Every structure is written in C-alpha cells, then in structure tokens.
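So that you can map any letter, position 34 of the sequence shown is 34 in full-length UniProt numbering, and since no number is skipped, the others follow by simple counting.
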Amino acid sequence: MTLNLKSIGQMKKLRYLDSEKELMLDEVGGELSKTVVLLRLCGKMSSICDLVDGGRECLAVLDLKAPLTCLPTTFSELQNLEFMNFEACLFEGLPETFGKLPRLRRLTFRSCKRLRSLPESFVRLSELRSLELHHCYNFKALPDSFGQLPCLETLIMVSLFNLQRLPEGFGNLSQLKRLVISDAHNITELPKSFGRLAELRNLHLDDMSDLQALPDTFGQLSQLSHLSIAGCNMKQELPHSFGQLPNLTSLDLSRCRSLKVYRSSMAAIQRLRSLTHLQVEAGWPGTFSFHSKVSHRENLSESELRELASFFRLNQEDHLKDDKVLELLPASASIVKSHEIENEASNAIQNLELLMVDNVVGETAGVFEISRVDVNTLETMSIDLEQFS
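If you want it as structure tokens, here you go:
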C-alpha cells in the first residue's frame, strides 16, 4: 500500500506516526486514528484545529515542524500530552488554556522566531520538568509568576536576543537543577532572589555581554558545582559571597573580556575550597587551567610563572616559584601545564588540559587524560606521559 494521506487515514489502529516527509496536515489531521500516541511530523500547515478537535485523548508525544500561526484554545483537550516540541512555528503566543495540560513534562521551542512570551497560565503546568527555548529571537519575557512552577528542573534559553530580564520571583524555582542562559545580550542583571535556587547544580551564563554583575546573594547557591560565565563582560568584581560557594568544583572564565575585573576578584576565588578546575581562555592574558590533587607536575618555566603571577597580582619582587603561586590557590588545586603536540590526524592540537586519572603517579602508570574543547565536539583520548618527557 502506498503511503499517502488517504492510506494514513485508513490506519484505524495507528499509534505511532513519525514522518520526515512533509504532509499536508490540514487535509490528514481530521482523519488520523484516535489511538495515536506519538506524532512527529513535518508539514505545511497554518492550523492544527482538525488534529486537536479529532478527540485524540491518547496523544502523549507531539513533535511538529510547521509554520503554525496559532494554537487553538481547544489545545488543552490533549490531556495526556507529556512531551511537546515546536520548531519553525509562526505563532506569537500561546492560548491561556495552554496551562491546562496536566501531564506535560517536557516542552521545547526551536526557531519559533515570532514567539514573544508565555501566558500567565503557564505556571499551572504542575508536572513540567524541562523547558527549552532556542533561537526565539523575539521572545521578550517570562511571565511574572514563572517562579511558581513547582517541578521545573531544567531551563535552557539560547539566543533569545530580546529577553530583557528574569522575573523577580525566579529564585522560587525550588527544584531547578540546571540553568543555561546563552546569547541573551539584553539582560543586565539577575534578580536578587537568584540565591534562593537551593537545588541549582549546573549554571551557564555564557555570552551575556550586558550582564554587569552577579547578585550579592550568589554565594547562597549551596549546591552549585559547575559554573560557566564564558564570554561575559561584567563591569563589577565577583561578589564577596562568591567565595562561600561550598560545592563549586568547576569554574569557566574563558573568553572573558574583563580579566582586570577577575584579577581583582581572586580573593573570592581563593576561598573556593572545593574548586578543582579553573579555566581561562587560551590567547588571553593569564591563560591556564587548574586541576585538583595532581601529585606530579612538571616545572613551570619562568615566563609561565610570570604569566600566573600577573593573573594573581603577585609583586614583581616575589620569587617566582611554583609553591609561591600555589599559596594563592585553594588547597585542593594544583597547576598542570598545557602542551602543543603534533598529530597526523590534525596538524596541531593546542591548549590541551592535562588531568591526572588518579592521585598517585605510581598507581596510574603515568596516564593522563587529554581533553580538547571545540565548538562542535568534545574529543578525549589517553596518552602516555613519556611523550612529554
């Protein structure tokens, strides 16, 4: 049987429809089986009224890539929806009835370039665990009640160029564990309530060029373990409370355009007793990486020590020795050199970070893990330490 709109409509027991072929859903929507559980389609349609009004109470997964101009108010009748993805849609907002989806757990918007906001009823999505917005260039604001979402664990917002601020009650997201905000150039500050994100573990505030400072309450993020503020241009020092983060193990300051600010913030960084990885971008002043509890390290050259000394604001009269530099680091951190090696597969692998697999050299046979971070990929390989001798 040839797969076409008519034949699809005749599949009365159809439960899963996943098609990369564009279908004219305006024609097929009303004919789909009411037993469909998963629907992933790419189509040329401006409305899904027929799809929604067809009594599809079984639908749990809806993934649509289509130029939809609106969602019907009857959308809330899809009471069993758990996962929903919209891509390249043209609607500017969602109906207030959108908050009546009691089982929705994951919601993603990609390249919905006209989407401007979410309705106030959004907070009624009591089971929502994950929300992602990617390249929604006209998106301006989260609803003021957004912080009342009781179960939200992951929030990712990438390239929301018109996002102006986070709501003041943002810190009330009691279950939020992962927050990514990238390329949100119009946000100048974080709300004072930000420090109340008691479960936050992974935070990325990358390429936020207008972010002026971190709030004074930042040190209250007691569970935070990984922080990236790469590509930022903050005008103020890190707050004093920053050094009180008890579980911060990884800090990424790469591509920072205000290293002068961070030099003056070293007092706060020095108090991070759990810090094991501090990264600053290669090519900027003070380029280096730290990793924890390395029992063996190669001697640093005088120029490398001067580079570190400059970053840590050591006096020029100080003797530039490894132990002097280490005094300024948390007790858990040590210095590991970066190397450049030739490789047949790639002309030069630069700015490698060396991380000891174990704490005791004799027990690891001199094996290091080499990581190279690239824009599109993360490559990891193991090599013998003798190659660097």
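Beta carbons are placed, not taken as given, at the ideal position from N, Cα and C, and that holds for glycine.
It should be emphasised that the depicted structure is a prediction, and the values quoted were computed from it without experimental measurement.
Take the Cβ of residue 399 as the centre, count every other Cβ of all protein chains shown within 10 Å, and call the residue buried at 16 or more, exposed below.
Look at the range of the chain in this structure, 1 to 389, and you will see that residue 399 is not part of it.
Since A230 and L253 should fall inside the 8 Å C-beta cutoff, what is the C-beta to C-beta distance between them, to a whole number of angstroms?
7 Å
Please determine, among S182, D210, G169 and G195, the residue with the shortest C-alpha to C-alpha distance to E189.
D210
I believe L128 touches C151 by the beta-carbon criterion, under 8 Å. Please report the beta-carbon distance rounded to the nearest angstrom.
6 Å
When the Cα of N80 is compared with those of L214, T108, Q164 and C58, which residue comes out closest?
C58
Which residues does DSSP list as the beta-bridge partners of V123?
Bridge partners of V123: none, in fact.
Would you say Q220 and L200 are within 8 Å of each other, going by their C-beta atoms?
no
If I'm right that L131 touches L163 with Cβ under 8 Å, what's the distance once you round it to whole angstroms?
L131 to L163, Cβ: 13 Å. No contact.
Those residues which DSSP pairs with I269 across a bridge
Paired residues: none, contrary to the question.
Put Q220 into one of helix, strand or coil per three-state DSSP.
helix
List the endpoints of the continuous beta strand (DSSP E) containing T154.
T154 to V158
What is the residue span of the beta strand (DSSP E) that S182 lies within?
R178 to S182
From L251 to S241, what distance separates their C-alpha atoms?
15 Å
Go ahead and pull the three-state DSSP assignment for R110.
strand
Residue environment, D144, which counts as buried when at least 16 other CB atoms sit within 10 Å
exposed
Bridge partners for A141 per DSSP, in chain order?
S117
Taking all protein chains shown into account, decide if T276 is buried (16 or more other Cβ within 10 angstroms of its Cβ) or exposed.
buried
In terms of alpha-carbon separation, which member of L64, S76, E92 and C70 lies closest to N85?
L64
Spatial neighbours of K177 within its chain, please: CB distance less than 6 Å, with the 5 preceding and 5 following residues excluded, ordered by chain position.
E153, E199 and R201
Consult DSSP for F86 and reduce its assignment to one of helix, strand or coil.
strand
Measuring CB to CB, does S225 end up less than 8 Å from H204?
no
Taking only the alpha-carbon atoms, compute the straight-line gap between D207 and E87 and give it to the nearest angstrom.
24 Å
Looking at the secondary structure, which residues open and close the beta strand (DSSP E) in which N202 lies?
N202 to D206
Through-space distance from H135 to L94, alpha-carbon basis
17 Å
When the Cα atoms are used, what is the spatial distance from C112 to C89?
5 Å
Under three-state DSSP, which class holds S209?
coil
What is the DSSP secondary structure of H135, counted as helix, strand or coil?
coil
K235 by DSSP, collapsed to three states: which one?
coil
Three-state secondary structure assigned by DSSP to H240:
helix
Given this structure, state the Cα-to-Cα distance separating L278 from A60, to the nearest angstrom.
43 Å
Return the chain-ordered list of same chain residues with a C-beta closer than 8 Å to the C-beta of G243, the five sequence neighbours on each side being excluded.
G219, A267, A268, I269, Q270, R271 and L272
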